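Undergrad:
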Amino acid sequence: MEFVNSKFKLYSGYFQVLTQYKKLAGGGYIGFNNATFLSERDTADRNYALSYYMKENNCFPGSVSLRDELDFYFQLCSLETTCESAAVMAATLANGGVCPLTNEICISARPCRDVLSLMYSCGMYDYSGQFAFQVGLPAKSGVSGAMIVVVPNLMGICIWSPPLDKMGNSVRGVSFCKKMIETFNFHNYDSLLHADTKKIDPRKRGMPNESELILEMMFATKKGDIDDVRRMFLGGVNLNMSDYDGRTPLHLAASEGQSLMVDFFLDIAHVNPLVRDRLVINTLIMFEKNIVNKNTYINQ
Numbered sequence: 001m002e003f004v005n006s007k008f009k010l011y012s013g014y015f016q017v018l019t020q021y022k023k024l025a026g027g028g029y030i031g032f033n034n035a036t037f038l039s040e041r042d043t044a045d046r047n048y049a050l051s052y053y054m055k056e057n058n059c060f061p062g063s064v065s066l067r068d069e070l071d072f073y074f075q076l077c078s079l080e081t082t083c084e085s086a087a088v089m090a091a092t093l094a095n096g097g098v099c100p101l102t103n104e105i106c107i108s109a110r111p112c113r114d115v116l117s118l119m120y121s122c123g124m125y126d127y128s129g130q131f132a133f134q135v136g137l138p139a140k141s142g143v144s145g146a147m148i149v150v151v152p153n154l155m156g157i158c159i160w161s162p163p164l165d166k167m168g169n170s171v172r173g174v175s176f177c178k179k180m181i182e183t184f185n186f187h188n189y190d191s192l193l194h195a196d197t198k199k200i201d202p203r204k205r206g207m208p209n210e211s212e213l214i215l216e217m218m219f220a221t222k223k224g225d226i227d228d229v230r231r232m233f234l235g236g237v238n239l240n241m242s243d244y245d246g247r248t249p250l251h252l253a254a255s256e257g258q259s260l261m262v263d264f265f266l267d268i269a270h271v272n273p274l275v276r277d278r279l280v281i282n283t284l285i286m287f288e289k290n291i292v293n294k295n296t297y298i299n300q
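The letter at position 76 of the sequence shown is residue 76 when you use UniProt numbering, and the numbering goes up by one with no holes.
Dropping the structure here:
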C-alpha cells in the first residue's frame, strides 16, 4: 500500500506540473514522449551519481525515495510541445505571469521574477554566464534544439534549430539572439543613460505620422465616436486635416448626418467650414442633403 501511495504521489505531481504548463501555454499542446523518458532513465549515470552523493551528505529528507524523485525529474525532461505553445509560455513569463491569450494569472509576480532570474543565471547550461553577458536576456535551451527567450514586458520567443554547439545549445538560436541584440535594445543594460541610441526600441511608441492621425480621426468620425474625437482634439491634433480627396472630418461628419459631431467641429473645434474636397462639394450642402434624404425616407 505504501508503494502504491508513493507511485500515486509521483503521478499526481507529474499531472499537476503538466496542468500548470498547459495554463502557461494558453491551452496549447503539451505532451509526453515515452521514448525520451526511457532514454533519459537508461543514460542517467551522472544524475544517479550526483543524487546518491547528495543523499550521502544529507541533502534530502529521510522520507524521500531517490528513485521516485529521479523518475519524476526524467518525466519532466520528457515533456514535449510545439514552437507556438513554447512561445506563449515565454510570453506569459514576459507578461509577469499572466497568459496573454487567456488573461489568466498563471504565476504570481514574485515566482515569475524568480523563474526569470534562474533562466538568466543558469538557463543555457555552461554557456549561461557568457549568454547573460552578451545577450542579457532570460533564456532556456534544451537538447532538442529548442530555446525560449523572454524580453520582459514585451514578448516571448521560441526558436527551434536542432544543430547544437559543444555546450548543448542551439547554434542558430544563440546566433539569432546575438543578432537581435545588435539591432534592438533588449539587453538588460541597454536602457542605461547615455547608452547606444542607434538601437531600435519597439517598446517606445513614436509619434504617429499625419497619415495615421487622419486615418484615426476619420475612423472615429465615421463611427460617431465623439469621445475619441474630443481626446484627439485635446491632444493637439489638427482637425482641419484632409485625406487624399481633400475631405476633412467635417466633410465626413456632414455626409453621415452626424449632427453632434458637426456641432463639435464647428462650435468647439472651430474648424474651417468653407473647405471643399476634390469634388468641390461644400460640407453644408452635404449635410443638408443628407438630412433631407433621411426626412424623406421617414415620411414615406
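Yeah, the Cβ is synthetic: ideal placement off N, Cα and C, and Gly gets one too.
This structure is a prediction, so every number in the text was calculated from the model and none was measured.
1. Enumerate in chain order the residues of its own chain whose CB-to-CB distance from residue 165 is below 6 angstroms, with the five nearest sequence positions on each side excluded.
2. Quick one: any contact between the stretch 221 to 239 and the stretch 172 to 190, if contact means 3 or more CB pairs under 8 angstroms?
3. In this structure, how does DSSP classify residue 108 when only helix, strand and coil are distinguished?
4. Measure from the alpha carbon of residue 161 to the alpha carbon of each residue in 137, 152, 145 and 150, then state which is nearest.
5. To the nearest angstrom, report how far apart residue 31 and residue 89 are at their CA atoms.
6. So, for residue 19: in the same chain, excluding its five sequence neighbours on each side, which residues have a beta-carbon less than 7 angstroms away from its beta-carbon?
7. By DSSP's criteria, residue 147 is part of a beta bridge. Which residues make up the other side?
8. To the nearest angstrom, how far is the alpha carbon of residue 169 from that of residue 157?
9. Checking 8 angstroms against the spacing of the C-beta atoms, do residue 236 and residue 277 come in under that value?
10. Taking three-plus beta-carbon pairs below 8 angstroms as touching, is the stretch 96 to 108 in contact with the stretch 41 to 57?
11. Drop a sphere of 10 angstroms on the beta-carbon of residue 138, count the other beta-carbons inside from all chains shown, and report buried for 16 or more, exposed for fewer.
12. Tell me which same chain residues have a C-beta within less than 7 angstroms of the C-beta of residue 252, skipping the five on either side of it?
13. Let me know if residue 128 comes out buried or exposed under the rule of 16 or more other beta-carbons within 10 Å of its beta-carbon.
14. Spatial neighbours of residue 38 within its chain, please: C-beta separation below 7 angstroms, excluding the five flanking residues on both sides.
15. Would you call the stretch 55 to 70 and the stretch 106 to 119 in contact, with 3 or more CB pairs under 8 angstroms?
16. Do residue 29 and residue 85 count as a contact pair if the criterion is CB distance below 8 angstroms?
17. Keeping to the same chain, check which residues put their C-beta closer than 6 angstroms to that of residue 123; ignore five residues upstream and five downstream.
TA: Result, derived from the coordinates:
1. 171
2. no
3. coil
4. 145
5. 14 angstroms
6. none
7. 141 and 159
8. 15 angstroms
9. no
10. no
11. buried
12. 218, 221 and 222
13. buried
14. none
15. no
16. yes
17. 139 and 140
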